[in-house]
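Structural data, given as structure tokens:
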């Protein structure tokens, strides 16, 4: 199989594993532990399933693709470029978030969802779960989407 074929298969594998993890990890965990409601243990194991997806993608990368996980080439920029990029991203998020929030407030009547209240009770005074969830979200998203999928799509189409 060509390198582009391996990249394509890896991208598809990543999306399939992520979808399966998000859709089926809680029912699968319930087969073993038989939780009746969403508990901190169940939520923790659900987040662990995302780390398992990352491990499986890393195994595919090193044994099937036989390439470095980080495919892109580094570009050298001046420190002023990085400072400007950080400042512009900050202001885009600040004004964009305020603008979107204003639109949402004027166009909808916001109600707190039951799931959000359930998660609030789940995270209450559980600092380990809060930190673990935040780290999982950041690390998994950055490594799978920005470090794995995005550069491979660029390599396929360039």
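Numbering (the numbering used here), first residue to last: 27 to 184. Glycine is no exception: its CB is placed at the ideal position from the N, C-alpha and C atoms.
Between the options, which lies nearest to residue i when the distance is taken from Cα to Cα?
i, options, result
"residue 165", "80, 149, 99", "80"
"residue 76", "163, 30, 178, 172", "163"
"residue 158", "74, 121, 85", "74"
Using C-beta distances below 7 Å, list every residue in its chain close to residue i, excluding the 5 sequence neighbours before and after it, in chain order.
i, result
"residue 69", "148, 155"
"residue 97", "177, 178, 181"
"residue 122", "none"
Roughly how far, in whole angstroms, is the beta-carbon of residue i from the beta-carbon of residue j, given that I think they are within contact range, below 8 Å?
i, j, result
"residue 175", "residue 40", "6 Å"
"residue 137", "residue 91", "Going by Cβ atoms, the distance from residue 137 to residue 91 rounds to 46 Å, so no, they are not a contact pair."
"residue 59", "residue 173", "Actually they are not in contact, since the Cβ atoms of residue 59 and residue 173 sit about 32 Å apart, beyond 8 Å."
Note down the Cα distance separating residue i from residue j, rounded to an integer number of angstroms.
i, j, result
"residue 124", "residue 113", "16 Å"
"residue 168", "residue 87", "16 Å"
"residue 61", "residue 145", "16 Å"
"residue 179", "residue 34", "8 Å"
"residue 142", "residue 67", "17 Å"
"residue 56", "residue 64", "10 Å"
"residue 177", "residue 29", "13 Å"
"residue 93", "residue 132", "50 Å"
"residue 134", "residue 126", "12 Å"
"residue 54", "residue 78", "14 Å"
"residue 27", "residue 89", "14 Å"
"residue 111", "residue 117", "10 Å"
"residue 106", "residue 150", "41 Å"
"residue 102", "residue 120", "28 Å"
"residue 46", "residue 115", "33 Å"
"residue 7", "residue 139", "Given that the chain is displayed from residue 27 to residue 184, the structure contains no residue 7 and the question cannot be resolved."
"residue 99", "residue 184", "14 Å"
"residue 49", "residue 109", "40 Å"
If you drop the 5 nearest sequence neighbours on each side, which residues of the same chain put their C-beta closer than 6 Å to that of residue i?
i, result
"residue 72", "51, 52"
"residue 160", "none"
Excluding sequence positions up to five away, which residues of its chain have a Cβ less than 8 Å from the Cβ of residue i?
i, result
"residue 19", "Outside the displayed span of the chain (27 to 184) sits residue 19, for which this structure offers no information."
"residue 130", "136"
"residue 152", "66"
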